[in-house]
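In what follows, a single structure is set out as structure tokens and then discussed.
2 protein chains.
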Amino acid sequence: MNKPSKLPTVKSDKDALLSNIALLYYGEGLTQSEIAKRYKLSRVTIVNMLRDCRERGIVEIRVDGQHLAASSLSRDLCEKYGLQDVYIAVDGIEDGSTRRSDKLAQVARVASMAILDIVEPGDRIGVAWGETIAAVANAMPRNSVPGTQVCQLIGSQESARVPASEICAIEVANKLGAQCHTLHAPGILSSAELASALKSEVTIQTQLARLSSLDMTIAAVGHLGRDTHMAAADIASIAELEAARHQGAAGIICCRYIDGNGQEIRTAPYDRIIAASINDIKAAPKKLLVVCGNDRLDATRAAIHGGLVTHLVADRELAEALINS
Amino acid sequence: MNKPSKLPTVKSDKDALLSNIALLYYGEGLTQSEIAKRYKLSRVTIVNMLRDCRERGIVEIRVDGQHLAASSLSRDLCEKYGLQDVYIAVDGIEDGSTRRSDKLAQVARVASMAILDIVEPGDRIGVAWGETIAAVANAMPRNSVPGTQVCQLIGSQESARVPASEICAIEVANKLGAQCHTLHAPGILSSAELASALKSEVTIQTQLARLSSLDMTIAAVGHLGRDTHMAAADIASIAELEAARHQGAAGIICCRYIDGNGQEIRTAPYDRIIAASINDIKAAPKKLLVVCGNDRLDATRAAIHGGLVTHLVADRELAEALINS
DNA sequence: CAACCTTCTTTACAAATGTCAACAATCAAT
DNA sequence: ATTGATTGTTGACATTTGTAAAGAAGGTTG
Numbered sequence: 426m427n428k429p430s431k432l433p434t435v436k437s438d439k440d441a442l443l444s445n446i447a448l449l450y451y452g453e454g455l456t457q458s459e460i461a462k463r464y465k466l467s468r469v470t471i472v473n474m475l476r477d478c479r480e481r482g483i484v485e486i487r488v489d490g491q492h493l494a495a496s497s498l499s500r501d502l503c504e505k506y507g508l509q510d511v512y513i514a515v516d517g518i519e520d521g522s523t524r525r526s527d528k529l530a531q532v533a534r535v536a537s538m539a540i541l542d543i544v545e546p547g548d549r550i551g552v553a554w555g556e557t558i559a560a561v562a563n564a565m566p567r568n569s570v571p572g573t574q575v576c577q578l579i580g581s582q583e584s585a586r587v588p589a590s591e592i593c594a595i596e597v598a599n600k601l602g603a604q605c606h607t608l609h610a611p612g613i614l615s616s617a618e619l620a621s622a623l624k625s626e627v628t629i630q631t632q633l634a635r636l637s638s639l640d641m642t643i644a645a646v647g648h649l650g651r652d653t654h655m656a657a658a659d660i661a662s663i664a665e666l667e668a669a670r671h672q673g674a675a676g677i678i679c680c681r682y683i684d685g686n687g688q689e690i691r692t693a694p695y696d697r698i699i700a701a702s703i704n705d706i707k708a709a710p711k712k713l714l715v716v717c718g719n720d721r722l723d724a725t726r727a728a729i730h731g732g733l734v735t736h737l738v739a740d741r742e743l744a745e746a747l748i749n750s
Numbered sequence: 426m427n428k429p430s431k432l433p434t435v436k437s438d439k440d441a442l443l444s445n446i447a448l449l450y451y452g453e454g455l456t457q458s459e460i461a462k463r464y465k466l467s468r469v470t471i472v473n474m475l476r477d478c479r480e481r482g483i484v485e486i487r488v489d490g491q492h493l494a495a496s497s498l499s500r501d502l503c504e505k506y507g508l509q510d511v512y513i514a515v516d517g518i519e520d521g522s523t524r525r526s527d528k529l530a531q532v533a534r535v536a537s538m539a540i541l542d543i544v545e546p547g548d549r550i551g552v553a554w555g556e557t558i559a560a561v562a563n564a565m566p567r568n569s570v571p572g573t574q575v576c577q578l579i580g581s582q583e584s585a586r587v588p589a590s591e592i593c594a595i596e597v598a599n600k601l602g603a604q605c606h607t608l609h610a611p612g613i614l615s616s617a618e619l620a621s622a623l624k625s626e627v628t629i630q631t632q633l634a635r636l637s638s639l640d641m642t643i644a645a646v647g648h649l650g651r652d653t654h655m656a657a658a659d660i661a662s663i664a665e666l667e668a669a670r671h672q673g674a675a676g677i678i679c680c681r682y683i684d685g686n687g688q689e690i691r692t693a694p695y696d697r698i699i700a701a702s703i704n705d706i707k708a709a710p711k712k713l714l715v716v717c718g719n720d721r722l723d724a725t726r727a728a729i730h731g732g733l734v735t736h737l738v739a740d741r742e743l744a745e746a747l748i749n750s
């Protein structure tokens, strides 16, 4: 009466089985042994299947962003700075003993949930570059949003600390199931002339033009200290950073200096850089800024004042500092 | 330097903490003890918090519907019957030893994932009534879809086996964060005259009118056996069911009889019923049918042939029977 | 046929988790 | 101040889970 085939194991029939087992475990709350009995498999197999489910994104565990942005601190910050949403990563211990990497990981994780809250189908999303952005890309769960595009905001550049710029963009795109527009140019060139020439190449021009019509940006903000990402990636020299600081630079966003009011400061290596402009960012209706660490207090305020932020993700200490300043 | 308040515990600051802990546990993969240490709480507290997170929908564990509809059986059924998607619940043991309640629970769980796949923001969704629908409502995770409305398809009626019709609709609405339009009338009246009078009441008329412009329906299909839901809920008598069967009724959907081709059979208690019409269902562009059990084979085929189904959720045995028939 | 790969099983053990009961601290309000 | 409710803690315990190692079964390939 049934088909004679013993095991109907065409390729992805396995997927269907995995999903069903995931439902029993995560949904119904059955124990692994119960499931094993039911399907006449060993418990070890069930364990492996469940791991598979998580790794392959068949089950997706996500945290509701609304709740992350629900604290009173969040609301206070929204009001004080005119932001749309503020998501706060709260790290347990107050005495600063948490390592920066732990803190950053948590901020990144919160950011990744915030992103899923903010992104809408069809959005064109600009992704910047840096330690923070890399952490965010890494933390994002696989969760497609139909019709999205991801654009790389900063030219490709190697850095000891961080995967290259296009790697970040591609990872975000993969996680979102988005089409990815990479920027086929280095982030920094040796002379302004060369940069300028490159920018007039049709292909590059097209890529840069796209950045002026973004729906959303995901960026971090850097400080001007000597261990800043700009220096670590050989984009700016220590001397240039020093000079920028003297001209009032309070922060770095998308490899561009901004002053305390968020206005752009076009000083070296400004014209050797290939990246989205401050105006490109400003033009996007949704602008997510992800920041971790009190040393970025001024930079964060600057970015906000400059209209470069609509949604903020920060750690609790920074958030408190923002309120109290 | 900081605010003097010892614990910034305004109402939902706790939610923010819960989310963060959920992220560490589910996202980062930290162990409960590690989290407890980090936040200086006891492990028991963490356990409780995580339970809270799940119960309150702060973490949401969902299974990707695509994978549920990925088996070759699904694809075969889509092709054979011209359906858009078929989701199959695969219960472990083949010898039929699985209790119907277990099987139904699994089908319902699969259905609830399917629903999340199918529903789009702004949809007006009709929800029918019965054992199956109740199970689906129960299995659905809390997952809001913006701008959705839920409409009760069948008037309110008590039944020993199943929570009343409006309860099902309301539960689905709650889970989807949808506005809920209940039907303020009994499902069955003692006479056609009374039913007719009631249907001309403006309020009822408005409610019924809404049902002709649904974006999606969620229904099950009943058989004509004597333990059918229609009888259990005192909507149709055994005699009436018998009569309907003689007139060729092959199934019941939304308290309406349909013949083997899915055409409506307007026999008793047809005109004493207050519920959506077969045409209302037919008019919806997305029609999800949830069925469990081989005894509904004919009824399911009938509903499909009548154009009352675009998406199907079924258990594996039924799915195989549909393929082999 | 033999070698090999993949997949699942069994067994065993260590670690993590859920749960209980009894107890402390805090806060509100009588 | 006493009472009660809430919230979290401790310690103890049984269960569940993750993981490793060794082997069986089936299919593929040279």
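Sequences listed follow chains A and B, in order.
Residue numbers for the first sequence follow the numbering used here, beginning at 426 and rising by one.
Residue numbers for the second sequence follow the numbering used here, beginning at 426 and rising by one.
In this text, a Cβ means the ideal position worked out from N, Cα and C, and glycines have one as well.
{"Check": "Any C-beta of chain A sitting closer than 9 Å to the C-beta of Lys712 (chain B)?", "Outcome": "no"}
{"Check": "Could you give the DSSP three-state label for His654 (chain A): helix, strand or coil?", "Outcome": "helix"}
{"Check": "Please list, in chain order, the chain A residues whose beta carbon lies closer than 9 Å to that of Leu747 (chain B).", "Outcome": "Ordered by position in chain A, no residue passes the 9 Å Cβ test against Leu747 (chain B), which lies about 13 Å from the chain."}
{"Check": "Would you call the stretch 622 to 630 of chain B and the stretch 654 to 663 of chain B in contact, with 3 or more CB pairs under 8 Å?", "Outcome": "no"}
{"Check": "State the Cα-Cα distance for the pair Thr735 (chain B) and Thr607 (chain B), rounded to the nearest angstrom.", "Outcome": "25 Å"}
{"Check": "What residue ranges within the stretch 530 to 591 of chain A form continuous alpha helix (DSSP H) runs of no fewer than 4 residues, ordered along the chain?", "Outcome": "556 to 564"}
{"Check": "Note down, one range per segment and in chain order, each alpha helix (DSSP H) of at least 4 residues found wholly within the stretch 629 to 694 of chain B.", "Outcome": "654 to 657, 663 to 671"}
{"Check": "From what residue to what residue does the alpha helix (DSSP H) around Ile469 (chain A) run?", "Outcome": "Checking the displayed sequence, the identity of residue 469 (chain A) turns out to be Val instead of Ile. Counting along the chain, the alpha helix (DSSP H) containing Val469 (chain A) begins and ends at 468 to 480."}
{"Check": "Hey, quick one: how far does the beta strand (DSSP E) through Tyr464 (chain B) stretch, first residue to last?", "Outcome": "First-last for Tyr464 (chain B): 457 to 464, but that is the alpha helix (DSSP H), not the beta strand (DSSP E)."}
{"Check": "So which of A:Gly687, A:Leu529, A:Ile540, A:Ala674 has the shortest CA-CA distance to Ala693 (chain A)?", "Outcome": "A:Ala674"}
{"Check": "Leaving out the 5 sequence neighbours to the left and right, which residues in its chain are closer than 8 Å to Ser638 (chain A) when beta-carbon positions are compared?", "Outcome": "Arg549, Ala708"}
{"Check": "Could you check the C-alpha separation between Glu689 (chain A) and Asp501 (chain A) for me, to the nearest Å?", "Outcome": "28 Å"}
{"Check": "Counting only Cβ-Cβ distances shorter than 9 Å, please list the residues of the stretch 484 to 501 of chain A near chain B, keeping chain order.", "Outcome": "Val484, Glu485, Ile486, Arg487, Val488, Asp489, Gly490, Gln491, His492, Leu493, Ala494, Ala495, Ser496, Ser497, Leu498, Ser499, Arg500"}
{"Check": "Measuring CA to CA, which of B:Val484, B:Gly454, B:Pro571 is closest to Leu442 (chain B)?", "Outcome": "B:Val484"}
{"Check": "CB-CB under 6 Å to Ser499 (chain B), same chain, minus the five flanking residues each way: which ones, in chain order?", "Outcome": "Val511, Ile513"}
{"Check": "Is Gln577 (chain A) buried or exposed, if buried means 16 or more other CB atoms sit within 10 Å of its CB?", "Outcome": "buried"}
{"Check": "Using a cut-off of 9 Å between C-beta atoms, extract the partners of Leu623 (chain A) located in chain B.", "Outcome": "Simply none; closest approach about 40 Å."}
{"Check": "Taking 8 Å as the cut-off, does the stretch 469 to 482 of chain B touch the stretch 522 to 537 of chain A (at least 3 CB pairs, one atom from each stretch)?", "Outcome": "no"}
{"Check": "Could you give the distance in angstroms between the alpha-carbon of Ser444 (chain B) and the alpha-carbon of Pro611 (chain B)?", "Outcome": "43 Å"}
{"Check": "Of the choices A:Leu633, A:Ala744, A:Glu596, A:Glu459, whose alpha-carbon is the least far from that of Val561 (chain A)?", "Outcome": "A:Glu596"}
{"Check": "Which residues of the stretch 521 to 535 of chain A have a Cβ closer than 8 Å to any Cβ of chain B? Give them in chain order.", "Outcome": "Thr523, Ala530, Gln531, Arg534, Val535"}
{"Check": "Taking 6 Å as the limit between beta carbons, can you name the residues of its chain near Pro588 (chain B), skipping five residues before and five after?", "Outcome": "Ala559"}
{"Check": "Can you check whether the C-beta of Cys503 (chain A) is within less than 9 Å of a C-beta belonging to chain B?", "Outcome": "no"}
{"Check": "Report buried or exposed for Lys600 (chain A), applying the criterion of at least 16 other Cβ atoms within 10 angstroms of its Cβ.", "Outcome": "buried"}
{"Check": "Who are the near neighbours of Ile663 (chain B) in its chain, counting only those whose CB is closer than 7 Å to its CB and skipping five residues on each side?", "Outcome": "Arg651, Ala656"}
{"Check": "Looking only at its chain, what residues have a beta carbon closer than 7 Å to the beta carbon of Glu583 (chain A), apart from the 5 residues adjacent to it on each side?", "Outcome": "Ala589"}
{"Check": "Using 9 Å as the limit for Cβ to Cβ distance, is Lys431 (chain B) near chain A?", "Outcome": "Caution applies to Lys431 (chain B), whose pLDDT of 32 falls short of 50 and renders its modelled position unreliable; the value that the coordinates give is listed next. No, Lys431 (chain B) does not count as interfacial toward chain A."}
{"Check": "So what's Arg487 (chain A) in DSSP terms, helix, strand or just coil?", "Outcome": "strand"}
{"Check": "Please say whether Val575 (chain B) and Thr557 (chain B) have beta carbons closer to each other than 9 Å?", "Outcome": "no"}
{"Check": "With distances taken between CB atoms, is the gap from Ala539 (chain A) to Val716 (chain A) smaller than 9 Å?", "Outcome": "no"}
{"Check": "Using a Cβ-Cβ cut-off of 8 Å (strictly less than) and excluding sequence neighbours within five positions of Asp477 (chain B), which residues of its own chain qualify?", "Outcome": "Leu443, Ile483"}
{"Check": "Nearest-angstrom Cα distance between Glu665 (chain A) and Met474 (chain B)?", "Outcome": "49 Å"}
{"Check": "Where does the unbroken beta strand (DSSP E) through Ala610 (chain B) begin, and where does it stop?", "Outcome": "That residue, Ala610 (chain B), is in no beta strand (DSSP E); it is neither H nor E in DSSP."}
{"Check": "Does any residue of chain B have a CB that is nearer than 9 Å to the CB of Cys576 (chain A)?", "Outcome": "no"}
{"Check": "Using a Cβ cut-off of 9 Å (strictly closer), state whether Tyr506 (chain A) contacts chain B.", "Outcome": "no"}
{"Check": "Assuming Ser537 (chain A) contacts Ala494 (chain A) (C-beta within less than 8 Å), just tell me the rounded distance between them.", "Outcome": "The Cβ separation is near 14 Å, so there is no contact."}
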